[in-house]
Amino acid sequence: MAEARPTNGEDLGAGLARIEAAVAAGNADLKELGFWRSVAKIKADRALVERWAETVGRIDTAAFRSGVRLRVPVWAGNLLLAVGMAAGGLAVAVGRSASRPLIAGVALVFTGAAWSVAFHCPAHWLVGRLTGIGFTDYFVAGLPPRPGLKTDYATYLRADPNARAWMHASGAIASKVAPFLALAAWPGSGAPVWSAWALLGLGIFQIFTDVVFSVRSSDWKRFFREKAIARALR
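Residue numbering for the sequence shown follows this note's numbering, beginning at 371 and increasing consecutively.
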């Protein structure tokens with residue numbers, strides 16, 4: 371009599387159990403453990419998503435928190451970035467009312483830079499919450515250091531792939547719009563022309579980095595990945 375072969379679900383279950391045990395033992399390298407290969411299989415089947423979303427989310431959160439020490443609750447991160455948005459708004463007021471052109475120019479350039487940072491993660495958060503995706507932590511990562519927002523991967527998996535795609539895109543779009551919003555305050559501000567060129571340059575530079583880098587390793591890569599999953603599921 372032929373030996374029964376395990377189902378795909380059972381194969382995934384054994385693999386996820388092994389990965390969860392490894393993470394609990396201190397190995398947080400999810401790529402090395404084969405976690406993301408398992409996640410790719412799960413994303414391709416909505417029935418597997420419903421079965422394994424909680425397990426995947428638990429593993430992902432445990433690995434993240436074991437490897438990232440500098441993190442704060444989501445409400446605290448949103449509050450800090452809201453302060454950054456408000457500081458940018460105050461700088462616009464300074465830029466439009468300052469009697470000295472240098473101060474006006476510096477204030478407007480500060481606004482563009484501050485909003486580029488402050489808009490990014492809250493845009494992810496807002497679109498995510500509107501589409502059923504939750505978040506667990508804010509953290510600091512990258513060079514130069516910048517805020518990041520960690521998804522609750524169980525809710526992320528359960529969300530529609532198109533919603534996941536636009537959640538990723540939202541932060542990138544918000545960051546790119548920010549310098550141009552600041553630039554819109556330049557006419558009539560009395561700020562020197564170099565400040566307008568600086569804001570335009572910041573906006574173009576960010577678009578350039580997205581085209582060259584983000585499509586390979588960041589938000590736009592994730593956007594196209596989730597769009598491809600949505601097409602495959604259709």
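Built from N, CA and C at the ideal position, the CB exists for glycine as well.
Residue i beta carbon near the ligand FMN (any heavy atom closer than 7 Å)
i      : result
Phe594 : Because no ligand of any kind appears in the structure shown, any question about the ligand FMN cannot be addressed here.
Simplified DSSP assignment, three categories, for residue i
i      : result
Val442 : strand
Arg388 : helix
Arg604 : coil
Asp381 : helix
Met371 : With a pLDDT of only 35 at Met371, under 50, the local geometry of the prediction cannot be trusted, and no value is derived from it.
Phe405 : helix
Thr525 : helix
Pro562 : coil
Thr481 : helix
Thr501 : coil
Ser469 : coil
Through-space distance from residue j to residue i, alpha-carbon basis
i      : j      : result
Thr431 : Ser565 : 43 Å
Ile389 : Trp406 : 11 Å
Glu532 : Leu472 : A small correction: the amino acid at residue 532 is Asn; Glu does not occupy that position in the sequence shown. Between Asn532 and Leu472, the C-alpha separation is close to 45 Å.
Thr579 : Glu596 : 21 Å
Thr377 : Tyr526 : No answer about Thr377 holds up, because its pLDDT of 46 lies below 50 and its placement is not dependable.
Val563 : Val547 : 20 Å
Arg375 : Ala414 : Residue confidence for Arg375 is low, a pLDDT of 40 falling below 50, so the modelled location carries little weight; the figure read from the coordinates is stated next. Straight-line Cα distance between these residues: approximately 21 Å.
Phe594 : Ser584 : 11 Å
Ser587 : Gly541 : 15 Å
Cys461 : Ala423 : What sits at residue 461 in the sequence shown is Ala, not Cys. Their Cα atoms are separated by approximately 44 Å.
His538 : Trp590 : 7 Å
Leu382 : Ala544 : 37 Å
Ala493 : Trp445 : 14 Å
Glu402 : Arg604 : 31 Å
Ala452 : Ala384 : 43 Å
Leu400 : Ala433 : 7 Å
Ala602 : Trp485 : 36 Å
Val581 : Gly560 : 33 Å
Met371 : Leu519 : Residue confidence for Met371 is low, a pLDDT of 35 falling below 50, so the modelled location carries little weight; the figure read from the coordinates is stated next. Spanning the two alpha carbons is a distance of roughly 53 Å.
Ile412 : Val419 : 5 Å
Beta-carbon proximity check, residue i vs residue j, cutoff 8 Å
i      : j      : result
Gly459 : Leu478 : no
Gly404 : Tyr523 : no
Thr521 : Ile503 : yes
Tyr508 : Arg441 : yes
Gly512 : Phe505 : no
Asp501 : Ala529 : Checking the displayed sequence, the identity of residue 501 turns out to be Thr instead of Asp. Contact: yes.
Pro517 : Gly447 : yes
Leu496 : Ile429 : no
Ser436 : Ala463 : no
Ala488 : Met455 : yes
Ala474 : Ala535 : no
Gly571 : Phe550 : no
Residues that DSSP places opposite residue i in a beta bridge
i      : result
Leu519 : Tyr508
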